[in-house]
Amino acid sequence: MKNKINYNAPEDIKDLDIVNLFELEREAKNVLPKDGYDFICGGAGDEYTLERNIEGWNKKGILQRVLADIKYPDTSTTILNQEIKLPVIVSPIAAHGMAHESKEAGTAKGVAEYGGSIMSISAYSSVSFEDIEKGLQGNNRWFQIYMSDDKEVNKNVIDEAKAVGASAIILTADTNVDGRRERNIRNKFIYPFGMPIVARYLKDGADDTSSDTVYSRKKLNLSVEDVKFLTDYSDLPVFVKGIQTPADAIKAIDAGVSGIWVSNHGGRQLDGAPSSFETLEGISNVVQGQVPIVFDSGIRRGEHVFKAIASGADVVAIGRPVLYGLANGGWKGVKSVFEYFEKDLKTVMQLSGTQTIEDIKHTPLFEYSK
Ligand SMILES: Cc1cc2nc3c(=O)[nH]c(=O)nc-3n(C[C@H](O)[C@H](O)[C@H](O)COP(=O)(O)O)c2cc1C
136 MKNKINYNAP EDIKDLDIVN LFELEREAKN VLPKDGYDFI CGGAGDEYTL ERNIEGWNKK
196 GILQRVLADI KYPDTSTTIL NQEIKLPVIV SPIAAHGMAH ESKEAGTAKG VAEYGGSIMS
256 ISAYSSVSFE DIEKGLQGNN RWFQIYMSDD KEVNKNVIDE AKAVGASAII LTADTNVDGR
316 RERNIRNKFI YPFGMPIVAR YLKDGADDTS SDTVYSRKKL NLSVEDVKFL TDYSDLPVFV
376 KGIQTPADAI KAIDAGVSGI WVSNHGGRQL DGAPSSFETL EGISNVVQGQ VPIVFDSGIR
436 RGEHVFKAIA SGADVVAIGR PVLYGLANGG WKGVKSVFEY FEKDLKTVMQ LSGTQTIEDI
496 KHTPLFEYSK
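Using my numbering, you'd call the opening residue of the sequence shown number 136 and step up by one each time.
Okay, here's the thing in structure tokens:
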């Protein structure tokens with residue numbers, strides 16, 4: 136795979152002393168090339184939804200409780216019978232190589248060294264399944280697919296994902312056309328390296344994986360039939376990612392999904408959309424525990440993890456925080472991000488008088504009067 140442009144990703148591998156993730160983002164800006172930082176941090180349009188993904192958390196409060204046993208907060212949980220020590224997993228993210236020269240292999244090692252989480256592997260990963268596997272050291276992995284117009288391509292990619300032990304498929308349904316990401320347009324952004332998992336299917340024998348070529352093959356008439364095809368063909372649990380309304384959640388459940396992934400793609404798609412958190416409660420009210428809910432977009436603190444779980448999520452996923460950890464400290468930085476979330480979530484659990492993730496699920500949030 137030839138390099139299309141020179142791109143000098145950071146190489147440092149070090150533990151990070153994270154005070155908060157907003158600071159970590161500023162530090163990432165200092166170590167990343169401008170086009171790489173913009174690619175990662177940016178959202179669509181005016182970045183209104185990107186900002187609202189953070190502001191939206193303040194719509195509800197957490198009540199502090201006292202006289203409760205808070206000696207041993209336990210953050211462990213399960214999803215699809217997979218045990219994890221923290222209800223925080225890795226969102227599918229394209230091109231980790233924009234953040235660090237170790238690419239997805241670094242992220243995978245960070246997840247494994249933390250002690251286990253679930254790594255969602257993007258179809259647009261910058262290394263092969265085999266390289267990710269080396270880092271993961273046997274940890275759980277889910278595979279995210281963008282469906283192609285070509286059914287054979289979808290089958291081949293699923294076959295490969297299954298062969299390397301993917302235990303769930305994530306169908307990303309919200310990005311069949313790209314949001315208007317003005318930072319990328321301004322920077323004339325192209326991926327500086329190929330995408331080995333899907334590259335060979337994109338254009339016969341070509342190594343051209345600029346975003347235009349990649350995106351031109353996405354299926355624009357995605358439907359419940361595609362969800363059924365994925366479920367039947369893969370014989371794995373399937374999530375639909377990008378659910379933002381109760382109606383679409385019901386559609387996905389009727390199509391036979393094993394999980395709903397509530398997400399607005401980190402504010403990178405429809406600008407002007409509400410924060411992902413603001414959509415969660417309505418969705419969880421119709422899902423009613425029929426299938427698990429993964430939530431993402433805007434998780435930066437233990438408080439956010441808590442509020443998402445109290446509003447119906449089973450686990451949350453993180454996108455940019457993973458890449459900011461990777462950029463600043465390689466695999467050790469990714470591990471530090473998970474440690475930060477564990478510590479912060481435990482503090483919030485102790486202050487709110489909860490001992491387990493199940494307790495959080497039964498804790499009503501405070502509704503501010505309008
Ligand atoms: C740089 C970047 C690349 C992404 N690539 C993908 C992708 O390949 N597939 C996908 O389903 N979502 C992708 N996403 C969206 C994430 O899965 C996730 O929904 C989002 O990052 C969550 O928001 P957060 O960054 O605020 O945590 C990407 C997000 C970022 C920031």
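Just so you know, even glycine gets a beta-carbon here, dropped at the ideal spot from N, CA and C.
In whole angstroms, what is the alpha-carbon distance linking residue i and residue j?
{"i": "THR366", "j": "PRO222", "result": "25 Å"}
{"i": "LYS195", "j": "LEU480", "result": "17 Å"}
{"i": "VAL392", "j": "LYS376", "result": "11 Å"}
{"i": "TYR503", "j": "ARG315", "result": "34 Å"}
{"i": "ALA229", "j": "SER261", "result": "7 Å"}
{"i": "VAL397", "j": "PHE430", "result": "5 Å"}
{"i": "GLY245", "j": "LEU461", "result": "8 Å"}
{"i": "TYR207", "j": "ASP181", "result": "43 Å"}
{"i": "THR310", "j": "ALA387", "result": "16 Å"}
{"i": "SER369", "j": "SER419", "result": "26 Å"}
{"i": "ARG321", "j": "HIS231", "result": "21 Å"}
{"i": "VAL312", "j": "ILE444", "result": "30 Å"}
{"i": "ALA308", "j": "HIS497", "result": "30 Å"}
{"i": "ASN289", "j": "SER283", "result": "6 Å"}
{"i": "GLN490", "j": "VAL440", "result": "14 Å"}
{"i": "ASP342", "j": "ASN141", "result": "Any reading at ASP342 needs caution, since the residue's pLDDT is 49, under 50, leaving its predicted position unreliable; the model's value is listed next. Approximately 16 Å between the Cα atoms of the pair."}
Ignore the nearest five residues each way along the sequence and tell me which others in residue i's own chain have a CB closer than 6 Å to its CB.
{"i": "LEU371", "result": "ALA303 and ILE304"}
{"i": "GLY402", "result": "GLY178, THR184, LEU185 and ASN188"}
{"i": "ILE224", "result": "SER252, ILE253, VAL450 and ALA452"}
{"i": "GLU160", "result": "TYR459"}
{"i": "GLY340", "result": "Note that GLY340 scores a pLDDT of 41, beneath 50, so its modelled location is shaky; the value from the coordinates is reported in the next line. So no residue of the chain qualifies."}
{"i": "PRO427", "result": "ILE214, GLY394 and ASP449"}
{"i": "PHE473", "result": "TYR249"}
{"i": "ALA390", "result": "VAL359, VAL362 and LYS363"}
{"i": "LYS470", "result": "GLY245, GLU248 and TYR249"}
{"i": "PRO456", "result": "LEU156 and VAL472"}
{"i": "GLY468", "result": "LEU151, GLY460 and LEU461"}
{"i": "LEU167", "result": "ALA462"}
{"i": "LYS149", "result": "GLY464 and LYS467"}
{"i": "LEU486", "result": "GLN199"}
{"i": "GLY488", "result": "ARG200 and ALA203"}
Could you say which of the options lies nearest to residue i if we only look at CA atoms?
{"i": "ASP285", "options": "GLY329, ASN311 and LYS353", "result": "LYS353"}
{"i": "LYS269", "options": "VAL288, GLY251 and GLY241", "result": "GLY241"}
{"i": "MET233", "options": "MET330, PHE157, GLY245 and VAL201", "result": "MET330"}
{"i": "GLN425", "options": "LEU461, LEU215 and LYS478", "result": "LEU215"}
{"i": "VAL422", "options": "TYR259, GLY447, LEU167 and ILE228", "result": "GLY447"}
{"i": "SER432", "options": "ALA308, GLU146, GLY180 and GLY191", "result": "GLY191"}
{"i": "ALA203", "options": "ASP494, ASN356 and GLY273", "result": "ASP494"}
{"i": "ALA301", "options": "LEU461, PHE374 and GLU360", "result": "PHE374"}
{"i": "ASN463", "options": "TYR142, GLN404 and GLU158", "result": "GLU158"}
{"i": "LYS323", "options": "LYS244, GLY171, ASN165 and MET484", "result": "GLY171"}
{"i": "GLY437", "options": "TYR475, LYS467, ARG200 and SER237", "result": "TYR475"}
{"i": "ARG435", "options": "GLY454, PRO208 and ASN420", "result": "GLY454"}
{"i": "GLU295", "options": "TRP277, PRO381, THR307 and VAL312", "result": "TRP277"}
{"i": "SER410", "options": "ALA384, GLY488, ILE385 and THR380", "result": "THR380"}
{"i": "GLU239", "options": "SER263, ALA163 and SER487", "result": "SER263"}
{"i": "ALA384", "options": "THR414, ASP147 and LYS496", "result": "THR414"}
{"i": "ILE153", "options": "THR491, LYS478, LYS496 and LEU405", "result": "LYS478"}
{"i": "GLU146", "options": "GLU236, THR491, ALA308 and THR482", "result": "GLU236"}
Report whether the distance from the Cβ of residue i to the nearest heavy atom of ligand 1 is below 6 Å.
{"i": "GLY433", "result": "yes"}
{"i": "ARG316", "result": "no"}
{"i": "ARG455", "result": "yes"}
{"i": "TYR535", "result": "Because the chain here runs from 136 to 505, residue 535 falls outside it and cannot be looked at."}
{"i": "GLY394", "result": "no"}
{"i": "ILE228", "result": "yes"}
{"i": "GLN490", "result": "no"}
{"i": "HIS231", "result": "no"}
{"i": "HIS400", "result": "yes"}
{"i": "THR307", "result": "yes"}
{"i": "SER257", "result": "yes"}
{"i": "ILE428", "result": "no"}
{"i": "GLN423", "result": "no"}
{"i": "GLN217", "result": "no"}
{"i": "GLN279", "result": "yes"}
{"i": "ILE175", "result": "yes"}
Excluding sequence positions up to five away, which residues of its chain have a Cβ less than 8 Å from the Cβ of residue i?
{"i": "PHE501", "result": "LYS195, GLY196, ILE197 and LEU198"}
{"i": "GLU416", "result": "SER446 and GLY447"}
{"i": "LYS442", "result": "TRP192, LYS195, ILE197, PHE412 and LEU500"}
{"i": "ILE256", "result": "PRO227, GLU239, PHE264, ILE267, ARG276, TRP277, PHE278, GLN279, ALA296, ALA301 and ILE332"}
{"i": "LYS169", "result": "ASN322"}
Using a beta-carbon distance below 7 Å, is residue i in contact with chain D?
{"i": "THR307", "result": "Given the protein chain composition of this structure (a single chain), no chain D is represented."}
Which same chain residues end up closer than 7 Å to residue i when comparing Cβ atoms and leaving out the 5 residues on each side of it in sequence?
{"i": "ALA258", "result": "GLN279, ILE280, TYR281, VAL292, ILE332 and VAL333"}
{"i": "THR344", "result": "Note that THR344 has pLDDT 48, beneath the 50 cutoff, so the model's placement of it is unreliable and no number is given."}
{"i": "PHE174", "result": "MET233, ASN319 and PHE324"}
{"i": "LYS220", "result": "THR210, SER211, GLY250 and GLY251"}
{"i": "VAL299", "result": "PHE264 and GLU268"}
{"i": "ASP347", "result": "Residue placement at ASP347 is flagged as unreliable, the pLDDT there being 48, under the threshold of 50; a coordinate-derived value is accordingly withheld."}
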